[in-house]
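Trainee:
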Amino acid sequence: MSHSSLQQRRTPTGRRWQSTDAAAAQVSPKIAGIVDQISTLTLLETADLVSSLKARLNIPDISFAPPAAAGGGAPGAAAAAPVEEEEAAAPAAAEKSLFNVKLVSFDAGAKAKVIKEVKALLGLSLVETAPKILKEGAVKDEAEKIKATMEGLGAKVEVD
Numbered sequence: 001m002s003h004s005s006l007q008q009r010r011t012p013t014g015r016r017w018q019s020t021d022a023a024a025a026q027v028s029p030k031i032a033g034i035v036d037q038i039s040t041l042t043l044l045e046t047a048d049l050v051s052s053l054k055a056r057l058n059i060p061d062i063s064f065a066p067p068a069a070a071g072g073g074a075p076g077a078a079a080a081a082p083v084e085e086e087e088a089a090a091p092a093a094a095e096k097s098l099f100n101v102k103l104v105s106f107d108a109g110a111k112a113k114v115i116k117e118v119k120a121l122l123g124l125s126l127v128e129t130a131p132k133i134l135k136e137g138a139v140k141d142e143a144e145k146i147k148a149t150m151e152g153l154g155a156k157v158e159v160d
């Protein structure tokens, strides 16, 4: 995209959509060329560009947490909450609620029983080797139930 095509991207009033004319005048020709090239990319090409830049520049993927919902009331009510409530909520938030159930090992003699139970409990196909994650994101009660069942058959299971 050339400078003339940037001129065509103006609104009917003659103003730029994304920047001011003064800011556009301060951009170096090298940067303007890069911007022109990037603006012609498709969405898939842009995603590839972002992935490549993250890899080359060693930029980790960062997930942004959604803003906390202020349960009713005025929009500023969450900011005015007492510090004691936040301190009381911190231990509850730190407590783990989802667990991974991992089959660490099993007795050779109990292999058939373990495989049969894994298929019955979790719908997984044969487990030939250990360690293997049996269930990801299980609630505590479910994870403990799976662990107790598998240990009853002679398997060693970790819940973490």
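Following UniProt numbering, the numbering of the sequence shown begins with 1 at its first residue and continues without gaps. For each residue, glycine too, the CB sits at the ideal point set by N, CA and C.
1) On the three-state DSSP scale, how would you describe residue 31?
2) The ligand MN and residue 110: does any heavy atom of the ligand fall closer than 6 Å to the residue's C-beta?
3) Take residue 121 and list the residues in its own chain whose beta-carbon comes closer than 7 Å to its own, dropping the five residues that flank it on each side.
4) Alpha carbon to alpha carbon, how far is residue 144 from residue 109?
5) Does the separation of the CB atoms of residue 153 and residue 113 fall below 7 Å?
6) For the beta strand (DSSP E) holding residue 41, just list the boundary residues, first then last.
7) Given this structure, state the Cα-to-Cα distance separating residue 139 from residue 100, to the nearest angstrom.
8) For the beta strand (DSSP E) that residue 137 lies in, which residues bound it at each end?
9) Determine the burial state of residue 104: buried for a count of at least 16 other Cβ atoms within 10 Å of its Cβ, exposed for fewer.
10) Look at the Cβ atom of residue 59, then the Cβ atom of residue 102, and state whether they are nearer than 7 Å.
11) If you draw a straight line from the C-alpha of residue 107 to the C-alpha of residue 157, how long is it?
12) Looking at residue 123: is its Cβ nearer than 7 Å to the Cβ of residue 98?
Mentor: According to the structure data:
1) helix
2) For the structure depicted, the ligand MN is absent and the ligand set is empty, with no information on it obtainable.
3) 146, 149
4) 23 Å
5) yes
6) No beta strand (DSSP E) contains residue 41, which DSSP labels as neither H nor E.
7) 9 Å
8) 132–139
9) exposed
10) no
11) 12 Å
12) no
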